[in-house]
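Chemist: Take 1 as the starting number for the sequence shown in full-length UniProt numbering and just add one per residue. What follows is a single structure, and I will ask about it in a moment.
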Amino acid sequence: AGSAGFSPAEAARWYYVPPDVATVARCGLAEREGLWIESLAERGLPSVGRHHHPDGGRAAVPAGTGGRVYGVLEIVWPVPLPPQRPQIVRQVEALAELCAHTLETYTPPGGPARPQRVLPDAAELMDLADGLYDPALVLVPHLDESGNLLDFRIQHVNSRFLDPAGRPRGMVGGALLLEAYPMAAGESELFQRIERVYATGEPFRARRMHLTALVDQVPLSAVADISVSRHGAGILFIWRIEDETARLASLLQHAQRLGRIGGFEENLLTGEITWNDQLFDLYGRPETSSPVPLEDLPAHAHPDDAVAIGRFLRTLLHHRRPASAAFRLQRPDGVTRHIRVVAEPVLDTDGRLLTVRGAYQDISSQHWTEVALAATRDQLAHTEQQASERDRLALQLQRAIMPPTQAPLQMPDLDVAVRYRPAEAEQLVGGDWYDAVVLPSRLVLLCVGDVAGHGIEAATSMVVLRNALRGLAVTGAGPGQLLSWLNMVTHHLTGGVTATAVCGLYDPATRTLRWARAGHLPPVLVRGSEASPLPPVSGLLLGALPEARYEEGEVQLAADDNLLMYTDGLIERRDRSVEESLTHLLTTAATVPGTLDQRLDRLLTYSRSDTDDDTCIVGIRVG
């Protein structure tokens, strides 16, 4: 409301302070006798004139009269303030009461005559941001009609800035900060930090601050060094993302190597094409050679695949929609590989096509497996004996990949056991599968699934999904994201197949299980003498839609807890509902045997299923 001894610019910074900023004046309100500080540097509180007198003393005394407080009188000393005599304290309190009489009749300027706050020219700050090697944003305050701060507008985005969601700089620039990055107001309190810098003028710096951004409604976290400083009425926001991208890139390279996947990006305006090392290997070309543009793809493919490639290019470049195609790649070394290409267009704010990015995958082994299985199917389709041979072939394939038991995982304080019971009738060979493996991150991947149908198709689809999930899990993604990717694999790569699955990632260090499901029955937790299913989370079955999102659940396990994942072959009956069968399962699981293996064997022995379907069980016991 008034000041003396400060420049107009310094006073203007303190016209408005957000309610949650703990300043010297605000702390003085909580003290009946006022707040007396010998040296501001010892308290670290924001205060008017801190830049000019950082070591000086402060006094903040409530200004009130007649039992009502109208404001706070804050006095600044340029040097440390020793304890004052009672006479000086009474003089300051009298001065505060005099200020209260003035504030009692004070009318703040308002209405149409109130001068508008004019933001300073941010051109110099924008030039400064463009000269930095780190990603930077220039923010300006976004005020309401009363001059109170509501948000910050992103005035400028420098050329080094990369949006975590992959949006072009033009979509970020000009947007409100909380609209572009709503997670800034979350646990990191990043927005509150920026608001405080704007209110006090004091810069904020933090190392290894956790930032979260929403990418397709999936929160992705990063660790960054943060610098926020105020320049006039503008805010310069700099972040230096910690170079953990190298580690993630290494995981991604291993996943690409396992899946024989090569990525690319082609700028259609400049003609610049970027390939990774795996793609040069797929094409059989040296890394010093020039990448192949998409429009030249027909020249490197088998002539019989020209129609499929033409349809792929029209969908991608003309209709500007994601597309995929399978073709035979003819390499310079004379080798022909079966390839699937998947790509998506990247548009600017005006809807113009800027870039195409995507991936090639070598599906030769899958193709020849399908060819071999198709040839076997054709040969065995003529007679009943041949049909029986085909069923036995599927059963052998299934049992070779899914043994009834497997060697236990070597993990401290954790027992893992699996059981697989094939269908008794060979013609009912199904697509049930399980997996339990220790990932490079030392997390334990636990999953079971069930492909719809029986026979060779179900068995081969089971192989595709099981191997795909194991390869995707190397990326370090959570169970919800893994099922989202597996849904895309099911929809695009297996041809009309649907399946259910439950996927969990167990962290032995914290005894925490994160899990998600795709149309599957939830896991069962056995604690003491009680057994109950985990609270269900939403998730559509795999392959039903091209894209789906899966909710994650989390459970904290304790010592001697048992967790069971299973397929419906364990409980399904023709004459009873799923709820009745599940109740029987919980009763059986709650019976405490000696070991985890005995518990799983008991479940198989006392199973009342009568559908003659495959059954998979994965169990863990916390040590």
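C-beta atoms are modelled at their ideal positions from N, C-alpha and C, and glycine is treated no differently.
Are there 16 or more other CB atoms within 10 angstroms of the CB of S290, so buried, or fewer, so exposed?
Modeler: Answer is exposed; the Cβ neighbour count stays below 16.
Chemist: Can you list the alpha helix (DSSP H) stretches of 4 or more residues lying completely in the region 70-150, in chain order?
Modeler: DSSP runs (the alpha helix (DSSP H)) wholly in the region 70-150: 86-104 and 123-130.
Chemist: Should the region 528-548 be regarded as contacting the region 489-508, the criterion being three or more beta carbon pairs within less than 8 Å?
Modeler: Yes: at least three Cβ pairs fall under 8 Å.
Chemist: Does the region 515-531 touch the region 455-462, meaning 3 or more C-beta pairs lie closer than 8 Å?
Modeler: The region 455-462 is not in contact with the region 515-531.
Chemist: Identify which residue in Y566, Q556 and N467 has its Cα closest to the Cα of A501.
Modeler: Residue Y566 is the option with its Cα nearest to A501.
Chemist: Is the region 230-237 touching the region 309-324, taking contact as three or more C-beta pairs under 8 Å?
Modeler: In short, these stretches do not touch, since the Cβ pair count stays below three.
Chemist: Report yes if the C-beta distance between S47 and V24 is below 8 Å; otherwise report no.
Modeler: Yes; because the gap between Cβ atoms is below 8 Å, this pair is in contact.
Chemist: Find the nearest neighbour of V444 within the set G471, H300 and P508, judged by alpha-carbon distance.
Modeler: When only C-alpha atoms are compared, the closest one is P508.
Chemist: Would you kindly check if the distance between the Cβ of P422 and the Cβ of Q610 is under 8 Å?
Modeler: The question names Gln, but residue 610 in the sequence shown is Asp. The answer is no: Cβ separation not under 8 Å.
Chemist: Classify V578: buried if its beta carbon has 16 or more other beta carbons within 10 angstroms, exposed otherwise.
Modeler: Exposed, because fewer than 16 other Cβ atoms sit within 10 Å of the Cβ of V578.
Chemist: Check whether the Cβ atoms of S552 and A516 sit closer than 8 Å, and answer yes or no.
Modeler: According to the sequence shown, residue 552 is Glu rather than Ser. Closer than 8 Å, so yes.
Chemist: Whether or not the region 53-65 and the region 79-98 are in contact is what I'm after, with contact meaning three or more pairs of Cβ atoms, one per stretch, closer than 8 Å; do they touch?
Modeler: These segments touch.
Chemist: Using the DSSP secondary-structure output, state which residues sit across from I37 in a beta bridge.
Modeler: Paired residue(s): R58.
Chemist: Considering only the beta carbon of each residue, do A499 and D435 sit closer than 8 Å?
Modeler: In this structure, D435 does not lie closer than 8 Å to A499 by Cβ.
Chemist: Under the three-state reduction of DSSP, which class applies to H300: helix, strand or coil?
Modeler: Three-state DSSP puts H300 in a helix.
Chemist: Closest by CA to R340, which one among R352, L279 and G351?
Modeler: Among R352, L279 and G351, the Cα nearest to that of R340 belongs to L279.
Chemist: Quick check on DSSP: helix, strand or coil for L540?
Modeler: Here L540 sits in coil by DSSP.
Chemist: My output table needs one value for I194: the three-state DSSP class, helix, strand or coil.
Modeler: Three-state DSSP puts I194 in a helix.
Chemist: Just checking my contact of P322 with E344 at CB under 8 Å: how many whole Å lie between their CB atoms?
Modeler: Sure, about 4 Å apart at Cβ, within 8 Å.
Chemist: Could you name the residues that DSSP lists as bridge partners for Q330?
Modeler: Q330 is bridged to T336.
Chemist: What does the alpha-carbon distance come out to for the pair Y506 and P332?
Modeler: So the two alpha carbons sit approximately 46 Å from each other.
Chemist: Taking only three categories from DSSP, how would you classify S441?
Modeler: S441: coil per DSSP, three-state reduction.
Chemist: Determine, using beta-carbon pairs with one atom in the region 128-144 and one in the region 89-101, whether at least three such pairs fall under 8 Å.
Modeler: Short answer: they don't touch.
Chemist: Can you give me the C-alpha to C-alpha distance between G5 and R153, rounded to a whole angstrom?
Modeler: Taking the straight line joining both Cα atoms gives about 33 Å.
Chemist: Any idea what DSSP makes of E530, helix, strand or coil?
Modeler: E530: strand per DSSP, three-state reduction.
Chemist: Decide if A359 is buried, meaning its Cβ has at least 16 other Cβ atoms within 10 Å, or exposed.
Modeler: Counting Cβ neighbours within 10 Å, A359 comes out buried, since at least 16 surround it.
Chemist: Report buried or exposed for N148, applying the criterion of at least 16 other Cβ atoms within 10 angstroms of its Cβ.
Modeler: By the neighbour-count rule (16 or more Cβ atoms within 10 Å), N148 is not buried but exposed.
Chemist: CB A325 to CB A299, shorter than 8 Å?
Modeler: Result no, Cβ atoms of A325 and A299 do not sit closer than 8 Å.
Chemist: Does the beta-carbon distance from D348 to G170 come in below 8 Å?
Modeler: In contact: D348 and G170 (Cβ atoms closer than 8 Å).
Chemist: Distance check for Q192 and H319, CA to CA, integer angstroms please.
Modeler: Approximately 44 Å between the Cα atoms of the pair.
Chemist: Going by C-alpha to C-alpha distance, which of R167, A222 and E10 sits closest to A184?
Modeler: Minimum Cα distance to A184 is reached at A222.
Chemist: Where does the unbroken beta strand (DSSP E) through R234 begin, and where does it stop?
Modeler: According to the sequence as given, residue 234 is Gly; it is not Arg. Element bounds for G234: G234 to I241.
Chemist: Using the rule of at least 16 other Cβ atoms within 10 Å of the residue's Cβ for burial, across every protein chain shown, is R599 buried or exposed?
Modeler: So R599 ends up on the buried side.
Chemist: Among L486, D575, R576 and S581, which has the Cα closest to the Cα of P533?
Modeler: Out of L486, D575, R576 and S581, S581 has the C-alpha closest to the C-alpha of P533.
Chemist: Is the beta carbon of V438 sitting closer than 8 Å to the one on L409?
Modeler: Cβ distance < 8 Å, so V438 and L409 count as in contact.
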